[in-house]
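Structure first, then comments.
Residue numbers (the working numbering), protein chains in the order written: chain A, 1 to 112; chain B, 1 to 110.
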């Protein structure tokens, strides 16, 4: 089965530093989304970037998309301890259906 | 308040004993889906439903059933649970793009 991949798998930084997470995917997409998950809880939608967009900002979040490389990155600037969570990218596979594909996630730990 | 509600939150059961995990959403969303989350594997889609009476397999449907008789409900049924179905399960719904997730059901099959 197709599966997105994120790297790094885990990231530990100091408060105030920037955190960058990358995601690769395999199918053609209409959009790509990033979600956040606090330990063991439901995912929360962060930001969506459409296939015709290259960059998008929302508060301290910056997302880029490179459809030629089938990759996206999520940058969290000036990180805070409260940003500690797992981050996932998600795409929809339209080939033969509408399956949603999540990456394996990046676990971010922000030290105060 | 817009929400997706799953029940139960925690469940320990024995191999072979049929169980149902319920999922309900109050946002009138057409698309609903079930995922399982296992360490190192992220979320994998089990089944999804585009609308009432329309269901499709995700990436890991084996051992699971679903039904969509009403728009708001999308129960997940394990007819004969096995230990390899021990996992954290999430239900989600969406209308167009942004998905809303339930709080999860931690299932242990012994």
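For glycine and all other residues, C-beta sits at the position ideal for the given N, C-alpha and C.
Taking a Cβ-Cβ cut-off of 8 Å, the neighbours of residue 43(A) in chain B comprise 43, 90, 92, 99 and 101, given in sequence order. Closest option to residue 10(A), judged by alpha-carbon separation, among 82(B), 79(B), 39(B) and 108(B): 39(B).
In the same chain as residue 17(A), and ignoring 5 residues on each side of it, the C-beta atoms closer than 7 Å to its own belong to 79, in chain order. Taking a beta-carbon distance threshold of 8 Å, residue 40(B) counts as an interface residue toward chain A.
Contact between residue 14(B) and residue 101(B) does not hold, since the beta-carbon distance rounds to 28 Å and is not under 8 Å. A straight line joining the alpha-carbon of residue 68(A) with that of residue 10(B) spans about 43 Å. Under the Cβ distance rule, residue 20(A) does not count among the residues neighbouring chain B, no pair being separated by less than 8 Å. Within chain A, the C-beta atoms nearer than 8 Å to that of residue 104(B) come from 40, 41 and 42, in chain order. By the neighbour-count criterion, in which 16 or more other beta carbons inside 10 Å mark a residue as buried, residue 21(B) falls on the buried side. For residue 27(B), the nearest beta carbon of chain A is not closer than 8 Å to its own beta carbon.
Ranked by how close their Cα comes to the Cα of residue 74(A), the residues 15(A), 29(A), 28(A) and 35(A) have 35(A) in first place.
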